[in-house]
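Novice: Encoded as structure tokens, here's the structure I'll be asking about.
Chains as they are written, first to last, in my numbering: chain L, 18 to 253; chain U, 24 to 247.
Below is the structure:
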């Protein structure tokens, strides 16, 4: 428990440091102050992709090993991935409203495909809720978790595949498309948000173990009530 | 019995059951054509707009009702039928391939009829030389959609809200198929080359086929 608290506290410090870097970095000449949203939007989306990748890996490992901890990891990562995708979409919409004048733009295939990806994993969570048996739940969701990742590359490369309003990747193999100070702030935020993901993941796994222990305790039932002996009862 | 002989036999049985039940011909297809009729009624009598949205409506209706084809009753094995296949030693991967073959045949037929209905009802402006590329795109989309439907059907087998749940899984995952299929016609109209979109469809179909074959055994275990 202490380990989880320390992780979450340090993740909080990391995120605050990232925000500080985001506020001291220079802004884009055309977009002004709104360009700072990049420091949150891009890391949120990166962590969402990472989370769904971890889910696919954990799902495949469950299919191989059949141990509960891989199932725990898969679902914990999906839950976080869904939250980070929603946050990434929201920050993207705020940015779009400020820069394009529209929160939702159909000329941006990244936006639409991310929303679709979001619903795939909502389906994953709905599937889990529909199956009461833990073994069956783990088995079926592992299969879906391994297959669902198939569309993640399409979402990532959609900005390259289609004519789009969305900017292409800012950090490329041939160098970054921004000044060094902006790049530093962005990289600090990438590290901070990734660390936050891992801290939350560890916390969620800890919670899942507690939930399982509690469920096992409930299934076992309370100790049987011992009827009083006749000799112990007064006023008979 | 070889793997392919098993797959073909499964497909044959599946098609025969579908012919007897007639779900697709008598229920899904007429309902899908009604779906095509609803859009212009909602839009109003604007012939140029109707002609413009025709292909998009075709893909939307095709995907939504295609799910019903993929999740048809004939493709759903009950527990006894699964046990029978297991006792007969039918390879689960052959079952997946067989289901994909029969489902693709039905899905291609369904989409071709729907396409013809869309052309008649919407009079879209189609580019020259459209039939072959569109049919190829349609075929590849149908295969992918069937593979997805077979996988989702197995994952949700026996669950209370199976149809809604499987649809929630299939529709978002069908994104590469919808994009590939619709962009084939779009690229043909713009004369920008359809090869990348056909390759996207082929890659998606192959990825789903590999996933389906590799996971056939765990899928069979999961659906019991």
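A virtual CB, placed ideally from N, CA and C, is assigned to each residue, including glycine. The model shown is predicted, which means the values in this text are computed figures rather than measured ones.
Answer with buried or exposed for residue 30/L, where buried requires no fewer than 16 other C-beta atoms within 10 angstroms of its C-beta.
Specialist: In the first chain, the residue the question calls residue 30/L occupies position 13. Residue 30/L comes out exposed.
Novice: Closest by CA to residue 236/U, which one among 117/U, 209/U, 71/U and 153/U?
Specialist: By one-based count along the second chain, residue 236/U stands at place 213. Comparing Cα positions, the closest option is 117/U.
Novice: Within the same chain, show all residues whose beta-carbon is closer than 7 Å to that of residue 109/L, passing over the 5 residues directly before and after it, in chain order.
Specialist: Residue 109/L sits at position 92 when you count from the first residue of the first chain. The residues are 58 and 128.
Novice: Ignoring anything shorter than 3 residues or poking outside the region 123 to 166 of chain U, list the beta strand (DSSP E) runs there in chain order.
Specialist: none
Novice: Could you work out which residues of chain L lie near residue 306/U, taking near to mean beta carbons separated by less than 8 Å?
Specialist: Nothing can be reported for residue 306/U, as the shown portion of chain U is limited to 24 through 247.
Novice: Just the chain L side, please: which residues come within less than 9 Å of residue 183/U by C-beta, in chain order?
Specialist: To locate residue 183/U, count along the second chain from 1; it is residue 160. Per Cβ cutoff of 9 Å: 147.
Novice: In chain U, which residues lie with their C-beta within 7 Å of the C-beta of residue 130/L?
Specialist: Counted from its first residue, the first chain places residue 130/L at position 113. Chain U residues near residue 130/L: 198.
Novice: Contact between the region 206 to 215 of chain U and the region 188 to 198 of chain U: three or more CB pairs below 8 Å?
Specialist: The region 206 to 215 of chain U vs the region 188 to 198 of chain U: no contact.
Novice: Which residues in the same chain have their Cβ closer than 6 Å to the Cβ of residue 124/U, if we skip the five residues on either side of it in sequence?
Specialist: Taking the first residue of the second chain as position 1, residue 124/U is located at position 101. Hits under 6 Å: 34.
Novice: Which first and last residues belong to the alpha helix (DSSP H) in which residue 2/U is found?
Specialist: This structure gives no information on residue 2/U, because the portion of chain U shown stretches from 24 to 247.
Novice: What residues match up with residue 45/L in a beta bridge as DSSP calls it?
Specialist: Indexing the first chain from 1 puts residue 45/L at position 28. According to DSSP, which records beta bridges pairwise, residue 45/L is partnered with 49/L.
Novice: Between the region 31 to 40 of chain L and the region 105 to 123 of chain L, do three or more beta carbon pairs fall short of 8 Å?
Specialist: Judged by Cβ distances under 8 Å, the region 31 to 40 of chain L makes no contact with the region 105 to 123 of chain L, as fewer than three pairs qualify.
Novice: Go to residue 63/L, then tell me how far its alpha helix (DSSP H) extends in each direction, as first and last residue.
Specialist: Numbered from 1 along the first chain, position 46 holds the residue referred to as residue 63/L. Unbroken alpha helix (DSSP H) run through residue 63/L: 55 to 82.
Novice: Using only the alpha-carbon positions, how far apart do residue 87/L and residue 230/U sit?
Specialist: Start at 1 with the first residue of the first chain, and residue 87/L comes out as number 70. Start at 1 with the first residue of the second chain, and residue 230/U comes out as number 207. C-alpha separation (whole angstroms): 23 Å.
Novice: Can you tell which of 121/U, 215/U and 50/U has its C-alpha closest to the C-alpha of residue 169/U?
Specialist: Residue numbering aside, residue 169/U sits at position 146 when the second chain is read from its first letter. Ranking the options by Cα distance to residue 169/U, first place goes to 121/U.
Novice: Taking residue 178/U as the query, report the chain L residues whose CB atoms sit under 8 Å from its CB, ordered along the chain.
Specialist: As a working note, residue 178/U is residue 155 in the second chain. In chain order: 144, 157, 160 and 161.
Novice: For residue 61/L, which of 75/L, 27/L, 98/L and 177/L has the nearest alpha-carbon?
Specialist: As a first step, residue 61/L must be located in the first chain, where it is residue number 44. That would be 98/L, whose Cα lies nearest to the Cα of residue 61/L.
Novice: Over the uninterrupted alpha helix (DSSP H) stretch that includes residue 87/L, give me the two end residues.
Specialist: Translated into the one-based positions of the first chain, residue 87/L becomes position 70. 85 to 116 is the span of the alpha helix (DSSP H), which, as asked, contains residue 87/L.
Novice: Does the region 64 to 74 of chain U come into contact with the region 134 to 152 of chain U, if we say contact requires no fewer than three beta-carbon pairs (one atom in each stretch) closer than 8 Å?
Specialist: yes
Novice: Hey, out of 142/L, 166/L, 194/L and 235/L, whose CA is closest to residue 89/L's CA?
Specialist: Here residue 89/L corresponds to residue number 72 of the first chain, with the count starting at 1. Among 142/L, 166/L, 194/L and 235/L, the Cα nearest to that of residue 89/L belongs to 142/L.
Novice: Let me confirm a value: residue 65/U is counted as buried when at least 16 other C-beta atoms fall within 10 Å, else exposed. Which label applies?
Specialist: Your numbering for residue 65/U matches position 42 in the second chain. Counting Cβ neighbours within 10 Å, residue 65/U comes out exposed, since fewer than 16 surround it.
Novice: Using 8 Å as the threshold, is the region 66 to 81 of chain L in touch with the region 148 to 166 of chain L, meaning 3 or more CB pairs across them?
Specialist: Contact holds between the region 66 to 81 of chain L and the region 148 to 166 of chain L, because three or more Cβ pairs, one in each stretch, are under 8 Å apart.
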